[in-house]
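**Student:** Structure below; questions to follow.
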Amino acid sequence: MPALIVGNWKMNGLGEAVAEIAEMAGSGASSRRVGLWIAPPFTLIDRAVIVSAGSVKIGGQDCHHKDSGAHTGCVSAPMLADLGAGFVIVGHSERRRDNGERDADVRAKAMAGKAAGLEVILCIGETRDERDAGETNAVLSAQLAGSLPDDAEALIIAYEPVWAIGTGLVPTLDDVAAAHAHIRSQLVARYGAAGHGVRILYGGSVTPANAADLLRVADVGGVLVGGASLTAASLLAIASAAP
Ligand SMILES: O=C[C@H](O)COP(=O)(O)O
């Protein structure tokens with residue numbers, strides 16, 4: 001399976017930033033060897049879809065669990081699909097932290113994304129305190145139990161240790177392998193054979209310098225990149241590190 005490199009721009013990017021996506025698309029990096037996806041802020045999705053010319057898949061960073069209605073400031077999964085988005089990220093720890101989203105909310109969003117025809121990247125991960133207390137696997141299991149959608153179709157899991165996001169800290173490669181193996185076991189327990197087909201990404205302080213090592217870890221099917229995804233030069237350097 002070719003590695004999947006996903007950039008999450010978070011709350012970054014004004015209009016001129018779509019030039020970075022155009023450069024990524026024009027690079028030819030997105031190929032059978034590597035998939036290149038970008039989740040810009042909602043405000044740039046329309047323009048990003050146009051400049052990506054089908055070479056970079058564009059997605060949303062979140063969606064509401066309902067299709068429409070009186071929810072000021074929210075964006076639904078069908079609205080993302082209508083713009084030409086192909087995927088949506090749900091359950092990012094920053095949304096859990098800033099917006100109080102719980103596993104049940106994340107599950108509803110994942111179901112909404114799938115119903116709209118989007119691929120869904122569902123984020124899970126432990127805090128530093130939880131890791132230090134030896135609770136990593138228990139936390140991951142609980143998050144998966146509460147947030148997984150009904151079936152494994154169009155589902156991707158992103159393992160993002162909260163303490164590794166934006167900090168420059170990265171788990172050891174053995175710890176990444178152990179977490180991914182645990183997530184895989186939970187997916188198979190939940191979905192049976194279909195659980196083997198769910199891609200698992202690693203996210204948290206991925207850079208051009210550490211991407212090659214992370215992408216070689218067993219069952220790391222790609223990376224979810226924040227800060228290092230904001231420029232074409234940086235993201236393409238990560239993509240070129242894929243084995
Ligand atoms: O969604 C991306 C992750 O939160 C990782 O962010 P980061 O690469 O800036 O640590």
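Residue 122 in the UniProt record's numbering sits at position 122 of the sequence shown, and the numbers go up by one each step.
The beta carbon of each residue, even a glycine, is placed where N, CA and C say it ideally should be.
When you compare each of Thr167, Leu122, Ala177 and Gly26 to Ala53 by their alpha carbons, which one comes out closest?
**Tutor:** Ala53 has its Cα closest to that of Gly26, out of Thr167, Leu122, Ala177 and Gly26.
**Student:** Starting from Ile38, trace the alpha helix (DSSP H) both ways and give me its first and last residue.
**Tutor:** Here Ile38 belongs to no alpha helix (DSSP H); instead the beta strand (DSSP E) covers Val34 to Ala39.
**Student:** Would the beta-carbon of Trp137 be found less than 7 Å away from any heavy atom of ligand 1?
**Tutor:** The amino acid at residue 137 is misidentified as Trp; the sequence shows Asn. No.
**Student:** Are there 16 or more other CB atoms within 10 angstroms of the CB of His71, so buried, or fewer, so exposed?
**Tutor:** exposed
**Student:** At a cut-off of 7 Å, would you count Asn8 as near ligand 1, judging by its Cβ distance to the nearest heavy atom?
**Tutor:** yes
**Student:** Of the choices Asp219, Ser30, Arg97 and Ser234, whose alpha-carbon is the least far from that of Val225?
**Tutor:** Ser234
**Student:** Going by the beta-carbon positions, is the gap between Pro208 and Ala232 smaller than 8 Å?
**Tutor:** no
**Student:** Excluding five sequence neighbours on each side, which residues of the same chain lie with their C-beta closer than 6 Å to the C-beta of Ala164?
**Tutor:** Val170, Gly204 and Ser205
**Student:** Looking at C-alpha atoms only, which residue of Gly168, Gly195, Glu160 and Ala181 is the closest neighbour of Val223?
**Tutor:** Glu160
**Student:** Got a sec? Which residues, its chain only, sit under 6 Å from Leu187 by beta carbon, not counting five neighbours each side?
**Tutor:** Gly195 and Val198
**Student:** Any contact between the segment 115-127 and the segment 76-92? By contact I mean 3 or more CB pairs, one from each, below 8 Å.
**Tutor:** yes
**Student:** Any heavy atom of ligand 1 within a distance shorter than 7 Å of the CB on Gly13?
**Tutor:** no
**Student:** Identify whether Arg216 lies in helix, strand or coil by the three-state DSSP scheme.
**Tutor:** For Arg216, the secondary structure class from DSSP, reduced to helix, strand or coil, is coil.
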